[in-house]
Every structure is written in structure tokens, then in C-alpha cells.
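Everything on this sheet refers to the single structure shown next.
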Amino acid sequence: MDHIVEPAVQRGIQKLTINHYSTRWYQLSPSLMRCNSLHQLSLENCIFPQKLPPSIFPNLKELSITSVHLDNDILKTLLSNCTSLETLHLILNLGPPVFSISSLSLRKFGFNWNSAETIELIIRDAPNLESLMFRAAYCNVKFLVLDAPKLKLLVFQCEEFDVLQLGRTFFDRQPAPTFQVKATPCRMMILSSVKTLEIELLPSFSEILPDLLRCFPCLENLYILVTIFIIFHKQFHFSIKFSYLGGVSHLELQNCSIHD
């Protein structure tokens, strides 16, 4: 892979995508991480070296990391060095599921996690963050926003969980046969800057919505996507989207599929 990447770096490449499908993962070279011309970078099935160079992607504006061995120390080093970074996507990565985001330049952040482990995401210091998409499947979630005063758009997709923690508010799923979800508010996380909220939930979690929405007192646009499975001779899978826009409610069938 180096024989392809190195000449591109020497020519002053601005946009680069590395999808390394092999039995051995590609380790990023120091020259690539020091590349001054690079503005957009997408990495998949790669690893960072154990010792990172003192300067990493100095002029990078957009970064997407998928299926990469990533821990909070590496992420912290990336964010502290990439002072021009505006867009970051972390998708199905490997490593300890605890991440803290601090960036003065970041405007858009997307996070996708699928694991049986509890995922913890803290937006610690992001004064210019405007858009945040969080998706977690089949795991418990701890999600906290400490400082993001410009956050306007939040997309929150949490398909199934036993414990969901938003700030200091806990949503606990009760065991069978009820599977009810109860909220235990201690100190609610209030995000008054958020104007648009999109939530995707299973029907069994719909009871948390009243307590969940108290975290967002200044909403103008609300989208709720509920996915429903019905098994009766055939399996029906359909999604209903409910939206509330400027005082007017809308309800629509988003998609439908039937399986024999």
C-alpha cells in the first residue's frame, strides 16, 4: 500500500480514501500523517502506529474512520493536532468504547457503534459543533454533552438498550414480561440550543419520550421514527415517521417490507 500512498503524498494530494481489505491491516505511514496538502481523508481497515508523530494531518478538514483500531488517546491526539477539522465520522471502530470529544474547530460529528459493550460518549468541549449524529445498536449507552453551545441538529438512533444514560438521567428497561422503560431523573441534561431532533426507537421504548424531550426545551422540529415488526404467517417490517414542524403534526409510512 505504501508504494501507492507515498507518491500521492509527494504530489500534494488533497483528497484520499484508503479501504484496505486484506488479512493484514494497513499501518498509516508517518509521511501520510504529516501531509500538509490533505483536506479530506477516509480510512477503513487501517491501524495507527503505536507512536504518533508530533504533527498529524495539520490541514485536514474532513475525516472518516471506519473499522479502525481506535482508542480515546489516539482520538484525543487527532483532535488536538487537526486544528482545521470541521467534519468527523467514527463508524464501527474497534477498541475501548469510551470516547471524549474536545475540538475548537469541529462542526459536524457522526458516531456509529455496534457492540455488546456499554458505549460512553462525552462531548466535552466543542464550542462550534452544530450537528451531531449518534447511532448505537444493541448496547447500553452513556451519552453526555457538557459544552456544545451551538448544537442545533441532533440525530439520536438507539435501537435497543437496557440502560440509556443522558447526562444524569437514566432510562432503565425492565425485564420480561413487561419490558417497560422507566426514567430515573437525577440531574437532567438540558440542551436548549438544539432546534431539530430526530429520534429512532423501537415501540417498546416509546414511553421514554416525554422524559427524553424535557432535555430539549427549545425544539422547533421533531422527527420520530418508529420501526415495528409484526409476525403473523408473514413477517411485516414497516417504519412510521412522526414529525412536528412549527406547530403542525405529520404522520407518514416511511417504508414497508413483507417477508415470507
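Residue numbering for the sequence shown follows my numbering, beginning at 102 and increasing consecutively.
For every residue, glycine included, the Cβ atom is placed at its ideal position computed from N, Cα and C.
Let's test the definition: count the other Cβ atoms within 10 Å of the Cβ of residue i and tell me whether it reaches 16, buried, or not, exposed.
i, result
"T270", "buried"
"Q266", "buried"
"C319", "exposed"
"I105", "exposed"
"N120", "exposed"
"N215", "exposed"
"N137", "exposed"
"S204", "buried"
"L195", "exposed"
"A249", "buried"
"A217", "exposed"
"P311", "exposed"
"P108", "exposed"
"P198", "buried"
Check whether the Cβ atoms of residue i and residue j sit closer than 7 angstroms, and answer yes or no.
i, j, result
"N182", "I157", "yes"
"K209", "S232", "yes"
"C316", "M290", "yes"
"L117", "L153", "no"
"Q128", "P155", "no"
"F200", "L179", "no"
"L207", "L176", "no"
"S168", "L193", "yes"
"T297", "L326", "no"
Can you give the beta carbon distance from residue i to residue j, rounded, assuming they're within the 8 angstroms contact cut?
i, j, result
"N160", "H190", "At roughly 18 angstroms, the Cβ-Cβ gap does not stay under 8 angstroms, so N160 and H190 are not in contact."
"V242", "I220", "6 angstroms"
"V256", "E299", "4 angstroms"
"T188", "E163", "4 angstroms"
"I166", "L144", "5 angstroms"
At which residue ranges does the segment 135–187 contain complete alpha helix (DSSP H) runs of 4 or more residues, listed in the order of the chain? 173–182
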